[in-house]
Amino acid sequence: MISAGDFRNGMTIEVDSNIYQIIEFQHVKPGKGAAFVRTKLKNIVNGGVVEKTFRPTEKCPQARIDRKDMQYLYSDGELYNFMDVESFEQIALNQDEIGDAMKFVKENEMVKICSHNGNVFAVEPPLFVELEITDTEPGFKGDTATGATKPAIVETGAQVLVPLFVNQGDKIKIDTRTGEYLSRV
């Protein structure tokens with residue numbers, strides 16, 4: 002159990018049988034009345050953000066989140082298959098559990114599987130990936146003064162906006178958190 006006076010950003014707590022991560026907290030001491038802790042909490046399962054206030058002495062259980070490195074094997078329609086590289090145990094997750102986290106991940110790449118009490122709620126792809134462009138329109142000379150971009154399809158099927166000088170067959174580096182082009186490789 003952790004008291005509200007000991008909250009820190011990034012902690013995960015259990016409130017009303019939901020698991021929340023503390024995004025922001027603030028100790029408030031008004032001129033009149035008792036002090037309280039104002040928090041902004043993100044539900045780690047569905048991503049919703051709520052604001053909640055606690056008394057500094059109020060206690061709630063700290064949630065333990067397990068992050069395990071697993072290898073992405075393949076997708077067979079609606080199921081994504083992962084393997085633990087230490088025990089060779091395999092698990093299959095459906096599209097609802099994963100969301101769009103896998104749109105930049107190729108087969109045989111390592112990802113982090115996040116779970117609470119054995120229930121998987123998220124897949125964290127690597128922060129940066131290198132992918133080959135499979136389809137894009139050619140850029141035109143002289144169009145680069147404005148820093149213009151064009152759509153490109155990468156080998157996983159995801160669409161990325163790239164500068165005009167990037168061509169089909171080029172390998173590019175992508176930030177998976179934002180889906181933005183970083184550089185050519």
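Last residue of the sequence shown: 186 (this note's numbering), numbering continuous.
Just so you know, even glycine gets a beta-carbon here, dropped at the ideal spot from N, CA and C.
Residue i and residue j closer than 8 Å at C-beta
i, j, result
"Asp176", "Leu132", "no"
"Ala93", "Ile14", "no"
"Gln72", "Phe55", "no"
"Ser18", "Asp67", "no"
"Lys107", "Asp70", "no"
"Asp171", "Ile134", "yes"
Burial state of residue i, where buried means 16 or more other Cβ atoms lie within 10 Å
i, result
"Thr58", "exposed"
"Met2", "exposed"
"Ala187", "Because the chain here runs from 2 to 186, residue 187 falls outside it and cannot be looked at."
"Val167", "buried"
"Leu42", "buried"
"Ala35", "exposed"
"Met111", "exposed"
"Tyr75", "exposed"
"Val161", "buried"
"Ala1", "What the structure shows of the chain is the stretch from 2 to 186, and residue 1 is not part of that stretch, so it cannot be assessed."
"Phe89", "exposed"
Cβ-based neighbour list, residue i, same chain, cut-off 6 Å, excluding 5 preceding and 5 following
i, result
"Arg39", "Gln27, Val29 and Thr54"
"Gln22", "Thr13, Lys43 and Ile45"
"Asp85", "Met71"
Close beta carbons around residue i, own chain, < 7 Å, minus the five adjacent residues each side
i, result
"Ile99", "Tyr81 and Val124"
"Phe8", "Ile23, Phe26, Val38 and Thr40"
Whole-number beta carbon distance between residue j and residue i, since they are thought to touch under 8 Å
i, j, result
"Ile24", "Ile45", "Not confirmed; about 11 Å, so no contact."
"Glu79", "Gln96", "6 Å"
Chain-order list of residues whose beta-carbon lies under 8 Å from that of residue i (same chain, five-residue window excluded)
i, result
"Phe105", "Pro126, Val130, Leu132, Val155, Thr157, Ala159, Ile175, Thr177 and Gly180"
"Ser184", "Ile173 and Lys174"
"Thr137", "Lys151, Pro152, Ala153, Ile154, Val163, Val167, Asn168 and Gln169"
"Lys60", "Met2, Ile3, Ser4 and Ala5"
"Asn109", "Gln72, Tyr73 and Leu74"
"Gly11", "Gln22 and Ile23"
"Glu52", "Arg39, Thr40, Lys41 and Leu42"
"Val121", "Ile92, Leu94, Glu98, Ile114 and Cys115"
"Val50", "Ile24, Lys41, Leu42, Lys43 and Asn44"
Chain D within 8 Å of residue i, Cβ atoms only
i, result
"Leu162", "Reference to chain D is not applicable here, since this structure consists of a single protein chain."
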